[in-house]
Amino acid sequence: MTLEGRLIVVSNRLPVEVKHRGGGPRLSRSAGGLATALDSIWRFTHGSWVGWAGSADSERANELLAKAARGRPYGFKAVPLSRDEISKFYSGFANEIIWPLFHDMPSRCNFDPEYWEVYQRVNRRFAQAAVEVTNGKDVIWAHDYHLMLMGRYLREAGKMTTAGFFLHIPFPAPDIFEKLPWRKTILKSLLQYDMLGFQTDRDRWNFVSCLERIVPEAESLREDPCMSVVLEGRRTRVGTFPISIAFEEFANHAASRDVEVLSNQFRHELSNKFLVLGVDRLDYTKGIPERLRAFRILLRRYPELRHRVTLLQVVVPSREEIPNYKDLRREVELLVSQINGEFTEGGWVPIHYMHRNLTRKQLLTYYRAADIALITSLKDGMNLVAKEFCAAQVDEMGVVIISEFAGASAELQHGAIVVNPNDLAGIAEAIHRACVMPVEEKRARMRLLRDIVRTYSVQNWAEAFLNAALSTRPDVQPKEAPTEHEAIPLTTPPGAREQKIA
Ligand code: ADQ
1 MTLEGRLIVV SNRLPVEVKH RGGGPRLSRS AGGLATALDS IWRFTHGSWV GWAGSADSER
61 ANELLAKAAR GRPYGFKAVP LSRDEISKFY SGFANEIIWP LFHDMPSRCN FDPEYWEVYQ
121 RVNRRFAQAA VEVTNGKDVI WAHDYHLMLM GRYLREAGKM TTAGFFLHIP FPAPDIFEKL
181 PWRKTILKSL LQYDMLGFQT DRDRWNFVSC LERIVPEAES LREDPCMSVV LEGRRTRVGT
241 FPISIAFEEF ANHAASRDVE VLSNQFRHEL SNKFLVLGVD RLDYTKGIPE RLRAFRILLR
301 RYPELRHRVT LLQVVVPSRE EIPNYKDLRR EVELLVSQIN GEFTEGGWVP IHYMHRNLTR
361 KQLLTYYRAA DIALITSLKD GMNLVAKEFC AAQVDEMGVV IISEFAGASA ELQHGAIVVN
421 PNDLAGIAEA IHRACVMPVE EKRARMRLLR DIVRTYSVQN WAEAFLNAAL STRPDVQPKE
481 APTEHEAIPL TTPPGAREQK IA
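In terms of this note's numbering, the sequence shown has 10 at position 10, counting the first letter as 1, and numbering is strictly consecutive.
If you want it as structure tokens, here you go:
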């Protein structure tokens, strides 16, 4: 697709971060699923990326950003945030209220009213920054729960260009969402965007159910392929767009000689034990303690698997300034040492644990070397690790065990083994099943999974969203007919889109 204007992406963080190290500010890549996914949408368009650039807002930092933009199809527009704003907007409102609430964990929320004040102020600032780089034909695409009010401030600034919003995390059911003191303002602000995108049908249904309960004056119209909501004469389209990965890029890199050699070497070092892999940001939504406890049950129930199976758990440090996350690290490290203490014998350590950022090559090496990807999120918008693992299975042999509460399970359920992350014995049984699964079944499942992920890449996701956003303009129609994935009509039951093993 080609946009008539430019694309203005707005996200909390820019894809590069300026950090103060000894000797002055330095640039590094931002971590996490959003940065990885968005980086690949610029192949077919150009424009600007608006977001926070990290701790430093000095002149030198802007120089570094200008330098980093050379050769990219987009420029950077940094939004300055003070230390207090980072603490109350990012750590506070976004990550101590919205993150736990939207992941169905209201008891972890800290509903501090000051957080709300700062959230409003910072959303207004992001809107102003976006307006400064936007021309009439541009499309503004805002990302994630940090920017739910930005639509309202764009309208207040008189910005009439098309504005869309994609939520990367789940949207909760009304009984959970209504706990939020600012629920109505947030829903009405979201309806100031022209286009809203959710990861799964379940999230979209939840959003519409919340509207029905909290903003009954909004009228929902079930149109194909998206639905529309009309409030005070404004129409917002609402669709399902499951995010994906750059499949070919991952698959080609995983197939490279480098990665093959490293992965064989790693397997050799483990004496070719059956390798179970967990890769996550260190976050309480990812179900890491549950996974470790399930692995302990496996080793207790099936002593014949001792010496034969190893769990490699890789965690990337995340949000370490928030107390909940520090506690989680301690819990995970204690469990790892308890389990290793209980089972380690000469020549075999049951759990290998890494707490650090990996390069793409290292990540692909572990994906390729592993026999099982174990994803036990208690709740997850999508989970890109599941899709990256499939892309890296160039030998078509790995098994995916995935939580039914990860968005990716809606697409992957017929090729993966689906588990309830609270059912620890069930997870242990799933690992056992994967260990004894016949090779033909593994291949059939992995082929299906790879087909699903290959067919709908992150480029398809971005095009589908932007096409749907453009079709909200009275003067523009989408250039191509909507694809199956572009948006799923609300009448389609969740899961209808998935395929089965032939
Ligand atoms: P995340 O919660 O960050 O993303 P996820 O989708 O799994 O979760 O993405 C994690 C990313 O970080 C993957 O690309 C993975 O390769 C990378 N990663 C993980 N551990 C790493 C390590 N140790 N070193 C280097 N890289 C590592 C949010 C939502 C998700 C949603 C994405 C995209 O919470 O539900 O899928 O956005 O929409």
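All C-beta atoms, glycine included, are put in the ideal place defined by N, C-alpha and C.
| Asked | Found |
| --- | --- |
| CB-CB length for Leu299 against Arg306, believed under 8 Å | 6 Å |
| Assumed close pair Phe166, Val50 - CB separation to whole angstroms, cut-off 8 Å | Going by Cβ atoms, the distance from Phe166 to Val50 rounds to 15 Å, so no, they are not a contact pair. |
| Residues near Gln477 by beta carbon distance below 7 Å, same chain, minus five either side | With a pLDDT of 47 at Gln477, under the threshold of 50, the modelled position of this residue cannot be trusted; read the value that follows with caution. If we look at Gln477 and ignore the five residues flanking it on each side, its Cβ neighbours are Ser471. |
| Met382: CB within 7 Å of a non-hydrogen atom of ligand 1 | yes |
| Buried versus exposed call for Arg308 [16 or more other C-beta atoms within 10 Å across all chains shown] | exposed |
| N-terminal and C-terminal residue of the alpha helix (DSSP H) that Ala391 is part of | Leu384 to Ala392 |
| C-alpha distance - Arg155 paired with Arg60, whole-angstrom precision | 33 Å |
| Completely contained beta strand (DSSP E) runs for the region 266-349, where each covers 3 or more residues | 274-281 and 309-316 |
| Status (buried if at least 16 other CB within 10 Å, exposed otherwise) for His268 | exposed |
| The beta strand (DSSP E) enclosing Thr455, as first and last residue numbers | Note, Thr455: premise wrong, no beta strand (DSSP E); alpha helix (DSSP H) at Val439 to Thr455. |
| Heavy atom of ligand 1 within 7 Å of Arg357 beta-carbon | Here residue 357 turns out to be Asn, not Arg, going by the sequence shown. Yes; taking the cut-off as 7 Å, the Cβ of Asn357 has a heavy atom of ligand 1 nearer than that. |
| Nearest-angstrom Cβ-Cβ length linking Ala163 and Asp203, presumed shorter than 8 Å | Not a contact, Cβ separation roughly 20 Å. |
| Glu388 beta carbon near ligand 1 (any heavy atom closer than 7 Å) | yes |
| Segments assigned alpha helix (DSSP H), at least 4 residues, entirely inside the region 143-211 | 150-156, 174-177 and 183-190 |
| Any C-beta of chain C under 8 Å from that of Asn62 | In the structure shown, chain C cannot be found, because there is only a single protein chain. |
| Ala370: CB within 7 Å of a non-hydrogen atom of ligand 1 | no |
| Helix, strand or coil at Lys19 [DSSP, three-state] | strand |
| CB-CB length for Glu396 against Met437, believed under 8 Å | With a Cβ gap of about 13 Å, Glu396 and Met437 do not count as contacting. |
| Same chain, Cβ closer than 6 Å to Ala142, neighbours up to 5 away in sequence not counted | Val10, Met150 and Phe165 |
| 8 Å Cβ cutoff met for Leu231 and Val139 | no |
| Span separating the alpha-carbon of Phe241 from that of Lys159 | 25 Å |
| Gly287 and Pro421 closer than 8 Å at C-beta | yes |
| Asn135 classed as buried or exposed, judged by whether at least 16 other C-beta atoms fall within 10 angstroms | exposed |
| Distance CB(Arg29)-CB(Val16) smaller than 8 Å | yes |
| Under 8 Å between C-beta atoms of Phe405 and Leu384 | no |
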